[in-house]
Amino acid sequence: HAGFCHGGSMTSVMDDIIGWTAFLVTGACVPWSGFTAQVNVSLKRPIAVGSYLKVVGRISKWEGRKVTIQSELVVGDEKGGAGAVHCIAEGLVILKKDVGIDATSR
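This note's numbering puts the first residue of the sequence shown at 170, with every later residue one more than the last.
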């Protein structure tokens, strides 16, 4: 619809934040250290074009090479505040075998 972001764009942002959050699981940012295996997205409300947004990613589970991430896309403001939730997602990332540290050695 005119004036609103496409749901596919919102899903793409969720996939990106899930991946980058998983890259931080070892305590250091290791880009391309894993692969997204699954993304489940729930679109909650439309986003008007020109909105300020805040994207949040959290590591919710880490078992061996499997990392589960929770993320959300919320209304933000110029000062970093957050408001209404537009999109939530859960993703599973599989780390490469050579990443080095797994959940059992922490």
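Each residue gets a CB set at the ideal place from its N, CA and C atoms; glycine is no exception.
- Here the C-alpha atom of Thr195 lies approximately 24 Å from the C-alpha atom of Leu242.
- Asp184 places its beta carbon less than 8 Å from that of Val208.
- Around the beta carbon of Phe204, fewer than 16 other beta carbons sit within 10 angstroms, so the residue counts as exposed.
- Taking the Cα positions, Gly252 is about 16 Å away from Gly226.
- Rounded to whole angstroms, the gap between the alpha carbons of Phe173 and Val182 is 15 Å.
- Cβ-Cβ separation between Ser202 and Lys266: approximately 10 Å, too far for a contact (criterion under 8 Å).
- The criterion of a C-beta distance shorter than 8 Å is not satisfied by Val218 and Cys256.
- Measuring C-alpha to C-alpha distances from Ile238 to each of Lys223, Val268 and Ala206 identifies Ala206 as the nearest.
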